[in-house]
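K.L.:
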Amino acid sequence: MKLKGFIALSFFVILGFTSIKVFELKYPSYFPKPVYDLKTNPLTQEKIDLGKALFYDPILSKDNTISCASCHNSYQAFAHTDHQLSHGINDLIGTRNAPALFNLAWHTIFMWDGAVNHLDVQALAPIAHPKEMNENLGNVVKKLQASKLYPKLFLKAFKDSVITGEHVLKALSQFQLTLISATSKYDRVKQSKAKFTAQEENGYKLFLENCNSCHTEPLFSNYKFANNGLSIDSTLKDYGRYTITKQSADSLKFKIPSLRNLSYTNPYMHDGRFNKLNQVLNHYVSIKDSKVLSPELKKPIQLNSNQKTDLIAFLLTLNDSTFVFNPDNQYPKSILMPAEGTRK
Amino acid sequence: MIKLFFSFSFLVICYAFCLKPEPITITFAPKFGSATLQLNKKYFLPAINDSLSIETFKFYVSGISLMKNGKAIFQNKGGFYLMDLENKMRLEFGSATKDFDAIQFNVGIDSTTNAGGVKGGDLDPTKNMYWAWQSGYINFKLEGKSKVCKTRNNVFQYHIGGFMHPNNSLQTVTIPATGNSIQINFDLEKFLSGVGLQTTNEIMSPNAKAMQVAKLYKTVFEAQ
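If you read the protein sequences in the order shown, they are chains A and B.
Under the working numbering, the first residue of the first sequence is numbered -17, with each subsequent residue one higher.
Under the working numbering, the first residue of the second sequence is numbered 47, with each subsequent residue one higher.
#1: Are any of the Cβ atoms in chain A nearer than 8 Å to that of residue 262/B?
#2: When the cut-off is 8 Å and only beta carbons count, does residue 162/B lie next to chain A?
#3: Under 8 Å between the Cβ atoms of residue 147/A and residue 172/B?
#4: What residues of chain A sit near residue 92/B, judged by a beta carbon separation below 7 Å?
#5: Round the Cβ separation of residue 185/A and residue 109/A to the nearest angstrom and send it over; I've been treating them as touching at under 8 Å.
#6: Taking only beta-carbon atoms, is residue 45/A less than 8 Å away from chain B?
#7: Going along the chain, which unbroken runs of the alpha helix (DSSP H) with 4 or more residues stay wholly within the stretch 51 to 129 of chain A?
#8: To the nearest angstrom, how far is the alpha carbon of residue -3/A from that of residue 138/A?
#9: Kindly say whether residue 267/A, judged by its beta-carbon, lies nearer than 8 Å to any beta-carbon of chain B.
#10: Measure the C-alpha to C-alpha separation of residue 106/B and residue 215/B and round it to an integer number of angstroms.
#11: Can you tell me the Cβ-Cβ gap for residue 168/A and residue 300/A, rounded? I've got them flagged as a contact below 8 Å.
#12: For residue 52/A, does the count of other Cβ atoms within 10 angstroms reach 16, so buried, or fall short, so exposed?
#13: I'd like the span of the alpha helix (DSSP H) that includes residue 265/A, first residue to last.
#14: With DSSP as the reference, label residue 311/A as helix, strand or coil.
#15: Find the residues of chain B that neighbour residue 142/A, judging by a C-beta separation of less than 7 Å, and give them in chain order.
#16: On the DSSP letters alone, give me the boundaries of the alpha helix (DSSP H) that residue 303/A sits inside.
#17: Quick one: is residue 270/B buried, meaning 16 or more other Cβ sit within 10 Å of its Cβ, or exposed?
#18: If we require 4 or more residues per run, which alpha helix (DSSP H) segments fall completely within the stretch -2 to 38 of chain A?
#19: Against chain A, with Cβ distances strictly below 8 Å, would residue 259/B count as a contact?
#20: Residue 208/B CB to nearest chain A CB: under 8 Å?
#21: Taking Cβ-Cβ distances shorter than 8 Å, what residues in chain B pair up with residue 187/A?
#22: Tell me whether residue 143/A is buried or exposed, calling it buried when 16 or more other Cβ atoms sit within 10 Å of its Cβ.
#23: Indicate whether at least one CB of chain B lies closer than 8 Å to the CB of residue 21/A.
#24: Using only alpha-carbon positions, find the residue among 113/A, 133/A, 99/A that is nearest to residue 32/A.
#25: Whole beta strand (DSSP E) runs in the stretch 104 to 130 of chain B with 3 or more residues, listed along the chain?
#26: Pick from 227/A, 115/A, 266/A, 195/A: whose alpha carbon is nearest that of residue 76/A?
#27: Give the residues of chain B in contact with residue 97/A, contact being defined as C-beta atoms less than 8 Å apart.
#28: As a quick exercise: from 319/A, 56/A, 179/A, pick the residue whose alpha carbon is nearest that of residue 307/A.
#29: Taking only three categories from DSSP, how would you classify residue 207/B?
#30: Please confirm if residue 77/A has its CB atom under 8 Å from at least one CB of chain B.
#31: Would you check if the stretch 124 to 140 of chain B and the stretch 95 to 110 of chain B touch, i.e. whether three or more CB-CB distances between them fall below 8 Å?
#32: With H, G and I counted as helix, E and B as strand and the rest as coil, what does DSSP make of residue 167/A?
#33: Looking at the C-beta of residue 152/A, does it have a partner C-beta in chain B at a distance below 8 Å?
#34: So who's on the other strand from residue 184/B, going by DSSP bridges?
#35: Residue 14/A to residue 89/B, Cα distance in whole Å?
#36: Tell whether a beta-carbon distance below 8 Å holds between residue 238/B and residue 83/B.
Dropping the structure here:
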């Protein structure tokens, strides 16, 4: 009897320590399995909330002026509009167009050149970049530890008020993993909740013929690298993937972005050189063949003006306003400005 | 019920202590020739016919194996240790077996760990041993000054990392060793003579030069 008591008791004790409410990442059945291994960083609401606070808090930058959201605005599907090249601390202008952030659980590699191999360590790059946040993670941890707010939030999330770099980065990953864009018209059509117009349907066919090999549905990117025939910008001299691998075959290759939320994420391309979708399509129909051009583009894309209009009509069905205006993804006023907050 | 719980936890703690084997400790002793290396002290290096000083010396040790007749008889798999002359140069781990004749370890972090997201403890990116601009651990960091370095403030900085072919800079070192307390020397005089201070002052990315430097480790770790 005593032994049974022991076993039952120890079972409950263990259960009590390990039972954390795991937050389930929701995505449609036609999405592939996430690449991010959630077992290494199980999602909880407390960690997601902490990650959201960190994402929106300029405390991550040297002079407390720049947050992740400065260049990744929720209303632009977490991209940076109005600027070809994003600007950071002291209005310094970087060399690339900040990409949109969504469906990050399916990305295999990060940054336009693939410099970063895992979502967890991505934030280190903008935090340390002298033109972005110009800070280092060790200092960030010190500032967070000295703050009134964060030791409490870390205690809630990680059961430890001693803040570590690992926990800062894992919390940031958690919030970013919840940024799932899967509620566009395209998704409703996929789920038989809506129908394409004839024009969109025709655009979809053109998309499948001409674009899908790289901008593969349903994520609308295969997240690989490609040389899409853009000439090099002589002021930037950005060779993309080559910068990292030093392999000549990677010259001028950049990470293929998703086509979801295009209406929110202009300007386009790694250097933001195009501001309109029309300009993008005009580029793709006028690519000159070269040795380094990606094989998918070797066969010229031919679209007449009606076809371009149809294709754009389809591409606009990838806009996900539900995602873009989701209040769950926006500035957490109740956490960061509790005095003014009305939600709590 | 509460009594029951306490006696139960007491038993568990006792059990854990009884089973805990005596640890094996490894102490790394950086030398300059025959002298014990001290930070910020001037040493004369015949290879450059000039003096130098060391300001930072840190490296990762991982994948420790105890060997017997050339075979691994114990592997300390999850152990990643940051050795830092300013902080600690000693690591310890538990092993049930003590009957070994050599110790094998990696200087650096393996590619799986490098590609597996953020880690804590000695692997936390706040340890200044992780590159921000490009994913990957710095396996080995040596910084100092010498007049022969034609750099700003005459500094030399060797940040040796990289985990992808052809610049996977992780190196495996095997040293004859016995007993619970192992001391391994690292001769910086020999190391810096091999690096070529006059010509190579700054390495801060995975590249061929980093590989050349990494290959020197094997020659300068020595059993005491």
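Beta carbons: idealized from backbone N, C-alpha and C, even for Gly.
P.N.:
For this structure:
#1: no
#2: yes
#3: yes
#4: The contacting residues do not exist; residue 92/B stays about 35 Å from chain A at best.
#5: Contact flag wrong, Cβ pair sits at about 40 Å.
#6: no
#7: Entirely contained in the stretch 51 to 129 of chain A, the alpha helix (DSSP H) runs reaching 4 residues are, in chain order, 101 to 104, 106 to 110, 119 to 128.
#8: Annotation note: pLDDT 48 at residue -3/A (below 50); position unreliable, no value reported.
#9: no
#10: 12 Å
#11: 5 Å
#12: buried
#13: Segment 259 to 266, the alpha helix (DSSP H) holding residue 265/A.
#14: helix
#15: By Cβ distance, chain B contributes nothing, its closest Cβ being about 10 Å from residue 142/A, past 7 Å.
#16: From DSSP, the alpha helix (DSSP H) with residue 303/A extends over 303 to 306.
#17: By the neighbour-count rule (16 or more Cβ atoms within 10 Å), residue 270/B is not buried but exposed.
#18: 27 to 38
#19: no
#20: no
#21: Result: empty, since nearest Cβ-Cβ is about 39 Å, beyond 8 Å.
#22: exposed
#23: no
#24: 133/A
#25: 117 to 130
#26: 115/A
#27: Residues of chain B passing the Cβ test: 179, 180, 181.
#28: 56/A
#29: Three-state DSSP puts residue 207/B in a strand.
#30: no
#31: yes
#32: helix
#33: yes
#34: 207/B
#35: 59 Å
#36: With contacts defined by Cβ atoms closer than 8 Å, residue 238/B and residue 83/B do not form a contacting pair.
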